[in-house]
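Student:
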Amino acid sequence: SGDLVRVQLHVADGVITVTAFSEMKGTSKTWQSDEEEDWKQYYVTGSWNRWGFSQMSVDRKEPRVYRYLVELGPSGTEEFHLAVERDWTLQLYPDCESAGLGQGSLCG
């Protein structure tokens, strides 16, 4: 019969480790993600882009900070949500429409 290989996945503090153990050979091989590597892409969706997804940029000085610059329309206000991987079910948004700076609670 063929070799039995056991695969182990470990995720801790943003680091992903995968180890494969070969029963027949008695050996293992391990792969690990880079601690600084970010596996997600973040997007902003809002009234100015007709609720399409625009990718946010990683800040060069702060690699865990994402930014997006929006030019406000004539009304001086825009509505927006933040989304992970263009997934409508993975969003952050205010708990009320037309919330001003510092108003409302964050949902998602």
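Each residue of the sequence shown is one higher than the last, beginning at -3 in the numbering used here. Backbone N, C-alpha and C define an ideal beta-carbon position, used for all residues, glycine too.
(1) By Cβ distance, which residues of its chain are closer than 7 Å to G69, with the 5 residues on each side in sequence left out?
(2) Please work out which residues of its chain come closer than 8 Å, Cβ to Cβ, to S53, disregarding the five sequence neighbours upstream and downstream, and give them in chain order.
(3) Return helix, strand or coil for S43, following the three-state DSSP convention.
(4) Please go through the same chain and pick out, in chain order, the residues whose beta-carbon is closer than 6 Å to the beta-carbon of R56, but skip the five residues on each side of it.
(5) With C-beta atoms as the reference, is G104 less than 8 Å away from C92?
(6) Which word fits T13, buried or exposed, when buried means at least 16 other C-beta atoms lie within 10 angstroms of its C-beta?
(7) Taking the straight line between their C-alpha atoms, what separation do you get for E19 and V3?
(8) Which class does P90 belong to by DSSP, given the choice of helix, strand or coil?
(9) Looking at the structure shown, is L68 part of a helix, part of a strand, or coil, going by DSSP?
(10) What residue from E75, G96, S94 has the CA that sits closest to V40's CA?
(11) Comparing C-alpha positions only, which one of L86, E58, G42, P90 sits nearest to K36?
Tutor: The structure says:
(1) Leaving aside the five residues that flank G69 on each side, the residues in its chain whose CB is nearer than 7 Å to its CB run, in chain order, W44.
(2) Once the five neighbours on either side are set aside, the close Cβ partners of S53 are Y62, R63, Y64.
(3) It is helical.
(4) Contacts found: none.
(5) Result no, Cβ atoms of G104 and C92 do not sit closer than 8 Å.
(6) Result: exposed.
(7) For the pair E19 and V3, the Cα-to-Cα distance works out to about 11 Å.
(8) Three-state DSSP puts P90 in a strand.
(9) Taken through DSSP and simplified to helix, strand or coil, L68 comes out as coil.
(10) Among E75, G96, S94, the Cα nearest to that of V40 is on E75.
(11) Out of L86, E58, G42, P90, L86 has the C-alpha closest to the C-alpha of K36.
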